[in-house]
Amino acid sequence: MDSFIEQAGLGDILAKVRAEERLSLEDGKRLFECPNILAVGFLANIVRERKNGNKAYFIYNQHINYSNVCTNLCKFCAFGKEKGHEQAYEMTIEDIKEKVRARLDEPITEIHMVGGIHPDLPFSYYLDALRAIKEVRPDVHIQAFTCVEIQHLADLAGKSVGDTLEELKEAGLGSIPGGGAEVFSPRIREITCERKLDGEGWLRVTKTAHRHGLKTNATLLYGHIETIEERLEHLDALRRTQDETGGFLAYIPLAFHPKNTQMSEHSRTTGVDDLKNIAVARLMLDNFPHVKAYWVMIGPKLAQVALSFGADDMDGTVKEEIITHMAGGESEQALGHKTLIKLIKEAGREPVERDTLYKVLETF
Amino acid sequence: MQKIIDRVVAGSRITGEEFLRLYEEADLYQLGFMADAIRKRKHPEPVVTYVIDRNINYTDICISACKFCAFFKAPEDPQGSMLTREELLDKIRETRELGGTQILLQGGLHPDEPLEFYEDMLRFMKETGIHVHGFSPPEICHFAEISGLTTLEVLKRLMAAGLDSMPGGGAEILNDRVRDMLAPRKCSADRWIGVMEESHSLGMRTTATMMFGHVETIEERLEHLQRLRDLQDRTGGFTAFIPWPFQPDNTALAAAVEIEKTSGFSYLRMLALSRIFLDNFDNIQASWVTQGPKIAQVSLFFGANDFGSTMIEENVVAAAGVHFRLSEQEIKRLVADAGFEPRQRLMDYTPAK
């Protein structure tokens, strides 16, 4: 097989991958620019199998988006709405409880809760939301509030990020999702989300969370106006952070969905670009344990194929996904357990149901 | 395994046994690299072709009642319909306006229209000058039965009336055990091959298809591919091979037996295996209609060198609950994004302009 990789001009990178040497940003650029997706995938698959063997993880989770009211109104987002907008909503604490109660008969192990940057909900609302979930479902792990929200909550509370995180932990916060990272590049943020916490701020909150014992995820929103260099700088910043703290669990490349956003002139990401973002990230992020193919964004068919292109996790049996679907995401709202397991097995992998922290709950 | 890979890459033909071995043991990358090497050898230029056409189904009334089909209406069903000449003409005009070069014309097997009806339809269509890529072996067999002529005579008459080429539909799986289960009233595997051989002998080019992922075994898929390869050795008349997975929604077959939809992973493997086995076929088509744009684009690295048709209109797969749509512009974008030059072609794979 090596001859195919050499023909694709990646022989030296293959040697580095085999020797477990760290790839340079220049290597990353060559990988992104390599027209042979098979060769790039093959390399990523070596790392994937070294780190995670034949396992392919999924989780049984529930998504709750407590409010779409947002003051940031990023141009790539179809979810956030100004307060007073006809599509704006916010859940009461009782609404949140009801959402959790409605699915108590399902073996859900994680609740994933994120929302907009709300202009006037008080800090106590967020604490109450966490407590309410725990009250209805005490054993569930709550992965909630992106770093952008955490900074907002600290501002609301008038406390340091560290102290804020301690209070949130006390109320039930278990870990932090990877959203809000977008692309760290100041150029991109100025054009697309100038009001959002900047890249440095995002990384600062992340590191604080890691120091306070909270595991977090990382994302990159790709497929809009970012350059390959900007993608790589983003990956490099994540890699350096992980060297420092070791607190990241998974990297999740997020495919931009243009419909209903202020950037709707862009096309949807292609299958090749989706696979490349997974594969190159798997190769560059040598210190990340997991890379996720989020099927809600790229569709179950391609997410299954991605299990051979660097991904070791398909996320979960997501229901009521709103954020991607408001931006024209067409994948199914929920994939049953059975379907996920079948897709994983058909791809020659071993399906493993995990909890949020990647503890194995059951293998199939 | 490495020996098989080396031989395939060097351009050797594989045996049926080797096909089965690859199916069982080769991983996704081994299959992909082999298929990609063959594609590159057959098409050294980094070009991916597509055709602009529309599927026109002149009727959905059909006596065949295949269990995998969600499109047909039984003859006694009042919802069944025939296209009028005005509708036909409108569709051709619209196709032309969109840069289309051909019509893929297919129907159900209508119980009582005589052969003259189809000859008239072809002559009427050919007045517009458009290429008619029409019918399929089951239709030819059906016309032969209705007219009391041989299939060879039917083919000659239709060609005289303007039929330019024939799609490879109705092949399903060329094995009579499978056909008896799925489509007992459709022509046998031998008859399908026979009609294709006759078409080729008359100088008419055709395509070949395979609908897989239902009740067939891998050995039966192999038998299908073997029969196509053997015929292609004899005639060279096939322009392309188009495999696609069975789409179960709204079909009698899926209601009767539990059938899991073929996944993207399995589709890519089968596509690559087909590219490897059918060494005498120049072209392999990706099926975006069943797989969607993402997997279809990725399939360009698993042996496909053609993106199929823009299908301005498509009814049969849509009836089975699958509704992907791609404009010419979107096909060009996907092809270019994968690193190939998109090129519009005609039925015989020569450039359109």
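The listed protein sequences derive, respectively, from chains H and B.
Counting in the numbering used here, the first sequence runs from 227 upward without gaps.
Counting in the numbering used here, the second sequence runs from 59 upward without gaps.
Here a beta-carbon is modelled for each residue, glycine too, at the ideal position from N, C-alpha and C.
According to the DSSP assignment, H:A282 belongs to the beta strand (DSSP E) that extends over 281-285.
In this structure, DSSP gives B:F365 an extended state, which the three-state scheme calls strand. Counting only residues of its own chain and dropping the five nearest sequence neighbours on each side, H:L533 has a CB closer than 6 Å to the CB of A282, A573, R575. Around the C-beta of B:H381, fewer than 16 other C-beta atoms lie within 10 Å, and the residue is accordingly described as exposed. Per DSSP, the unbroken beta strand (DSSP E) holding B:Q160 starts and ends at 160-164. Counting only runs that start and end inside the region 309-343 of chain H, the beta strand (DSSP E) elements of at least 3 residues fall at 336-339.
Relative to the Cα of H:D581, the nearest Cα in the group H:R248, H:V273, H:D238, H:Q288 belongs to H:Q288. Not flagged as an interface residue toward chain H: B:K390, since no C-beta distance is shorter than 8 Å. When Cβ-Cβ separations below 8 Å define contact, H:L240 makes no contact with chain B. Between the region 257-266 of chain H and the region 293-309 of chain H, the count of Cβ pairs shorter than 8 Å is below three; the stretches do not touch. With the rule of 3 Cβ pairs closer than 8 Å, the region 406-420 of chain H counts as touching the region 447-456 of chain H.
Contact of B:E318 with chain H by beta-carbon distance below 7 Å involves K568. Judged by DSSP secondary structure, B:D148 falls within the alpha helix (DSSP H) whose first and last residues are 143-155. Restricted to the region 247-309 of chain H, the alpha helix (DSSP H) segments that are unbroken, complete and at least 4 residues in length are 251-259, 263-278, listed in chain order. In this structure, H:N486 places its C-beta atom within 8 Å of the C-beta atom of H:G554. Following the DSSP letters along the chain, one finds H:K485 in no alpha helix (DSSP H), marked with neither H nor E. Only those residues of the region 466-494 of chain H whose C-beta falls short of 9 Å from the nearest C-beta of chain B are listed: S493, R494.
Counting only Cβ-Cβ distances below 9 Å, H:V498 has contacts in chain B at K352, Q355, V356, L358, F359, L392, D395, A396, G397, in chain order. Apart from sequence neighbours up to five positions away, the residues of its chain that approach B:L156 with a beta-carbon distance below 7 Å are I110, I370, ordered along the chain.
Contact annotation: H:L423 and H:V374 have beta-carbon atoms nearer than 8 Å. The beta carbon of B:R285 is closer than 8 Å to those of L232, A247, I251 in its chain, skipping five residues each way along the sequence.
Here B:G379 has A128, Q305, D307, N308 as same chain residues with Cβ atoms under 8 Å from its own Cβ, once five neighbours each way along the sequence are excluded. Taking 8 Å as the cut-off, the beta carbon of H:G497 is found closer than this to the beta carbon of H:L528. Within the region 108-126 of chain B, no residue has its Cβ closer than 7 Å to any Cβ of chain H. Within chain H, the residues M227, F230, L264 have their CB atoms less than 7 Å from the CB of B:F91, given in chain order.
Sequence-ordered contacts of the region 497-527 of chain H with chain B read G497, V498, D499, D500, L501, I524, G525, P526, K527 [C-beta pairs closer than 9 Å].
With distances taken between CA atoms, H:D538 lies nearest to H:Y584 out of H:L461, H:Y584, H:T565. Across the structure, B:G295 and B:M217 are spaced so that their CA atoms are roughly 15 Å apart.
Your pair B:Y81 and B:I276 checks out as a contact, with CB atoms roughly 5 Å apart and the cut at 8 Å.
DSSP, reduced to helix, strand and coil, places H:K527 within a helical segment of the structure shown. Bounds of the alpha helix (DSSP H) holding H:N503 are 497-510. Any Cβ of chain H closer than 8 Å to the Cβ of B:S321 would place that residue at the interface, and such an atom is present. Taking C-beta atoms as the reference points, B:Y87 and B:G366 fail to come closer than 8 Å.
H:K441: member of the beta strand (DSSP E) spanning 441-448, first to last residue.
For the 8 Å CB-CB criterion, B:M254 and B:P195 form a contact.
Exclusion of the five residues before and after B:M183 leaves L146, I150, I161, L163, V190, G220 as the residues of its chain whose Cβ lies within less than 8 Å of its Cβ.
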